[in-house]
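*Asks:* Quick note: the sequence shown, position 101, residue 253 per our numbering, numbers continuous.
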Amino acid sequence: MILRLLDLHGMEEKSLMEMRGIFLTVIAAGVVVVAGSAYGEKLRVASLHPVATDLARRIGGDRVEVVEIVRSGGDPHHFEPGPSEIRAVAEARIVLAAGLGLESYLPKLMAATSGGPQYVLLGKSVKPLRFPATQGSVEMADPHWWQSLSNVSAAARKIRDVFGEADPEGRDGYEARASALLASLESLKEWAALEIASLPKSVRVLVTPHDGFGYFARDFGFVTIPLMDIKATNQPTPQRVSEIIAKMRARGVRAVFAEQGENPKALSEIMRETGARMGGELIADGPGSGGVRTYEEMMRHNISTIVEALRPAP
Ligand SMILES: [Zn+2]
Numbered sequence: 153m154i155l156r157l158l159d160l161h162g163m164e165e166k167s168l169m170e171m172r173g174i175f176l177t178v179i180a181a182g183v184v185v186v187a188g189s190a191y192g193e194k195l196r197v198a199s200l201h202p203v204a205t206d207l208a209r210r211i212g213g214d215r216v217e218v219v220e221i222v223r224s225g226g227d228p229h230h231f232e233p234g235p236s237e238i239r240a241v242a243e244a245r246i247v248l249a250a251g252l253g254l255e256s257y258l259p260k261l262m263a264a265t266s267g268g269p270q271y272v273l274l275g276k277s278v279k280p281l282r283f284p285a286t287q288g289s290v291e292m293a294d295p296h297w298w299q300s301l302s303n304v305s306a307a308a309r310k311i312r313d314v315f316g317e318a319d320p321e322g323r324d325g326y327e328a329r330a331s332a333l334l335a336s337l338e339s340l341k342e343w344a345a346l347e348i349a350s351l352p353k354s355v356r357v358l359v360t361p362h363d364g365f366g367y368f369a370r371d372f373g374f375v376t377i378p379l380m381d382i383k384a385t386n387q388p389t390p391q392r393v394s395e396i397i398a399k400m401r402a403r404g405v406r407a408v409f410a411e412q413g414e415n416p417k418a419l420s421e422i423m424r425e426t427g428a429r430m431g432g433e434l435i436a437d438g439p440g441s442g443g444v445r446t447y448e449e450m451m452r453h454n455i456s457t458i459v460e461a462l463r464p465a466p
């Protein structure tokens, strides 16, 4: 509308047009402010993790615009923000990150956007598990907190509170939508416990490409045998493969799992050596691929795949 008015005056004298241009820009700025308060400008949230994106959309509803910085289905371990992503983060009011060291670029991003958005590291809402120190690495927190349903409930409560503080007028809505989400997570937890109860303790072993299921294993009494630690991008060493094969033989493991985007060749060798079969593909790092759009769908998919693959034949 404002731009069109400016165009209409395009045929007038240049100096006059400039004056009108400045005047109309001032008016336009005023209009934006008025519109912001009168119609409720959306709370702008930048998300650095697919699970945070899903929770923010569920809790935020129509009042929140969630800008996906790390896209659903993307690899949050090896992401680096470019100039356009840094700009999008700077324009946000709130930034949701997984935290616990997952976003190694976070200090740089915070420095580049200092004085701008409020950063919320959701991993701070949970009690972290730790990866033990290995040769050449120090002990570090396991960032995959979202593989625990209880942790995700804690993260959802945090998002509800942060949204309510940033946008008090929307607080009732955030609370209502968060309550519905928390109830849904509770029933998912009951379903998961029932499903996994059908697996004897002795078969609860997860052989997976990367070490992303520590929290899941803790909650449901599994042992994890990952092929690689979370920093690794290449194949496991022959020594590591031998260790995995020995561990699997000792426990009589009958199935291994692939992961979205990560299917190391070593998995085939391990299957050949142990006679274990492919149990299916698990999703470790968040929804967004393989037709799985939400966090809850991801957990249902993983649990169904695991139970199907490991349940002993009747
Ligand atoms: Zn991961």
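Using N, Cα and C, we set each Cβ at its ideal position, and we do this for glycine too.
Would you kindly report the start and end of the unbroken alpha helix (DSSP H) that includes ALA250?
*Replies:* Unbroken run through ALA250: none, as it is neither H nor E.
*Asks:* Which term fits GLU460, buried or exposed, when burial requires 16 or more other beta carbons within 10 angstroms of its beta carbon?
*Replies:* Classification of GLU460: exposed, given that the 10 Å Cβ count is below 16.
*Asks:* Could you spell out the range, first to last residue, of the alpha helix (DSSP H) harbouring SER339?
*Replies:* Its alpha helix (DSSP H) spans residues 323 to 349.
*Asks:* Shortest alpha-carbon distance to ALA330 belongs to which of HIS453, ARG209, ALA198?
*Replies:* The shortest C-alpha separation from ALA330 is found at ARG209.
*Asks:* Any heavy atom of ligand 1 closer than 7 Å to the CB of HIS362?
*Replies:* Yes.
*Asks:* Measuring only the C-alpha atoms, how far is PRO269 from GLY404?
*Replies:* Their Cα atoms are separated by approximately 51 Å.
*Asks:* To the nearest angstrom, how far is it from the Cα of LEU462 to the Cα of LEU379?
*Replies:* Cα-Cα distance, rounded: 18 Å.
*Asks:* When DSSP builds the beta bridges, which residues end up paired with TYR271?
*Replies:* DSSP output for TYR271 lists VAL247 as bridge partner(s).
*Asks:* In whole angstroms, what is the alpha-carbon distance linking SER277 and SER350?
*Replies:* Those two C-alpha atoms are separated by around 31 Å.
*Asks:* May I ask you to report which of helix, strand or coil DSSP gives PHE315?
*Replies:* It is helical.
*Asks:* Run through the DSSP bridge pairs and tell me what THR376 is partnered with.
*Replies:* The partner list for THR376 (beta bridge, DSSP) reads LEU358.
*Asks:* Just to check, is the beta-carbon of GLU294 closer than 7 Å to a non-hydrogen atom of ligand 1?
*Replies:* Per the sequence presented here, residue 294 reads as Asp, with Glu not at that position. No.
*Asks:* Alpha carbon to alpha carbon, how far is SER354 from TYR257?
*Replies:* The straight-line gap from Cα to Cα measures roughly 40 Å.
*Asks:* In this structure, how does DSSP classify ALA459 when only helix, strand and coil are distinguished?
*Replies:* Correcting the residue identity first, residue 459 is Val in this sequence and not Ala. In this structure, VAL459 counts as helix in the three-state DSSP scheme.
*Asks:* Does the stretch 201 to 208 come into contact with the stretch 421 to 435, if we say contact requires no fewer than three beta-carbon pairs (one atom in each stretch) closer than 8 Å?
*Replies:* Not touching, per the Cβ criterion.
*Asks:* Per DSSP, what kind of secondary structure is ARG429 in: helix, strand or coil?
*Replies:* DSSP places ARG429 in strand when its eight states are reduced to three.
*Asks:* Just checking ASP437 against ligand 1 - is the residue's beta carbon closer than 7 Å to any of the ligand's heavy atoms?
*Replies:* It does: the Cβ of ASP437 is within 7 Å (strictly closer) of some heavy atom of ligand 1.
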